[in-house]
Amino acid sequence: MSEKKYPTDKQIQKILSCYGEYSELPIYNPSDTGPIDTNIYEKEDKSGSIRIEPIEDDKNIPLSILNSDKTVYRLDYWSFTLDGIDVYFSHTLNTDGSKETNFKCLPENKKPYKHPSKTQLLERKINQLNTENHEKDIKIQQLEARLAFYEQQKPNIIPAETIKSTLSESQKQSVEILTKNIEQDRQDKISKRKPAGRPNKLTESEIQIIYELNQKGYSLREIASQMNCSKSTVDNYLKKAKRRGIPE
Numbered sequence: 015m016s017e018k019k020y021p022t023d024k025q026i027q028k029i030l031s032c033y034g035e036y037s038e039l040p041i042y043n044p045s046d047t048g049p050i051d052t053n054i055y056e057k058e059d060k061s062g063s064i065r066i067e068p069i070e071d072d073k074n075i076p077l078s079i080l081n082s083d084k085t086v087y088r089l090d091y092w093s094f095t096l097d098g099i100d101v102y103f104s105h106t107l108n109t110d111g112s113k114e115t116n117f118k119c120l121p122e123n124k125k126p127y128k129h130p131s132k133t134q135l136l137e138r139k140i141n142q143l144n145t146e147n148h149e150k151d152i153k154i155q156q157l158e159a160r161l162a163f164y165e166q167q168k169p170n171i172i173p174a175e176t177i178k179s180t181l182s183e184s185q186k187q188s189v190e191i192l193t194k195n196i197e198q199d200r201q202d203k204i205s206k207r208k209p210a211g212r213p214n215k216l217t218e219s220e221i222q223i224i225y226e227l228n229q230k231g232y233s234l235r236e237i238a239s240q241m242n243c244s245k246s247t248v249d250n251y252l253k254k255a256k257r258r259g260i261p262e
């Protein structure tokens, strides 16, 4: 004879939830050390009770349903399925002593489950996809609005590669003069002397000029000697200009 097993708490809670107003706390609990017997649950108004018995043959869980006046008695068998557990067989004893046998029976307070048709399944899938697409559209709109906001916050700058074409006439003349000076310094070998430091910041116009001189291939030391500032000052301004472009 195979050993009987008692249902788990999760199985019991699922079963009781299908019958309605039965208390979740049993009136009687089997002892942890004693033999496994049954648990009895009852309604709050004491109008009925459910007896849950051990699992038979590792397949089903018998339940005895009894009204307090003993006029209605039903025996349901719960079986294990892929979705959990479900009633698969039921006996009902009528007051006149007759017995009704029902297959695929569902307990009280539980609507019968009807498998959806292929059309219903397709409609569900379409509705799901429409919902997902709508959520994606909203997300895209939010991202586009954020991008537009960031675009408005950008400073009005000119890319470094277009600086040559944006130099004013006076800046071009300054570049030509400084170019001649550097060439002359090269010839006189004066550019190797350490330039005097210049604490003042370079103007935007001067930054464009040193960028243009650097594009012509002159060294930082040569440019610094013409701008009367240190080599590191020229280097720092050139790095900033290349990172962000030169403002108008």
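Quick note on numbering: the sequence shown equals residues 15 to 262 in the numbering used here.
Note that the Cβ used here is the ideal one computed from N, Cα and C, for glycine as well.
The structure displayed is predicted, hence computed values, not measured ones.
Check, Outcome
"When I64, S61, N53 and R235 are compared against D20, the one with the closest alpha-carbon", "The sequence as given places Tyr at residue 20; Asp does not occur at that position. Of I64, S61, N53 and R235, the residue nearest in Cα terms is N53."
"Buried or exposed (CB count within 10 angstroms, at least 16 for buried), Y164", "exposed"
"Chain-order list of residues whose beta-carbon lies under 6 Å from that of E226 (same chain, five-residue window excluded)", "V189"
"Per-residue burial, G231 [other beta carbons within 10 Å of its own, 16 or more giving buried]", "exposed"
"Per-residue burial, T145 [other beta carbons within 10 Å of its own, 16 or more giving buried]", "exposed"
"Per-residue DSSP class, three states only, for T247", "helix"
"Three-state secondary structure (DSSP) of Y20", "coil"
"Residues that DSSP places opposite I221 in a beta bridge", "Paired residues: none, contrary to the question."
"Enclosing alpha helix (DSSP H) for S263 [first to last residue]", "Absent from the structure is residue 263, since the part of the chain shown begins at 15 and ends at 262."
"N228, buried or exposed, once every other Cβ within 10 Å from all chains shown has been counted against 16", "buried"
"heavy atom of the ligand GDP below 8 Å from S63 C-beta", "Summarising the ligand content, the structure contains no ligands, and the ligand GDP is consequently not present."
"Top-ranked residue by Cα proximity to W10, from S233, Q166 and K28", "Past the boundaries of the shown model lies residue 10; the chain is included only from 15 to 262, so the question cannot be answered."
"C-alpha distance - A162 paired with I154, whole-angstrom precision", "12 Å"
"Span of the alpha helix (DSSP H) around I237", "L234 to M241"
"Coil, strand or helix - E282 by DSSP", "Nothing in the structure corresponds to residue 282, since the chain is present only between 15 and 262."
"L252 and I223 closer than 9 Å at C-beta", "no"
"Exposure label - Q240; buried when at least 16 CB within 10 Å", "buried"
"Rounded C-alpha distance that separates D199 from T247", "20 Å"
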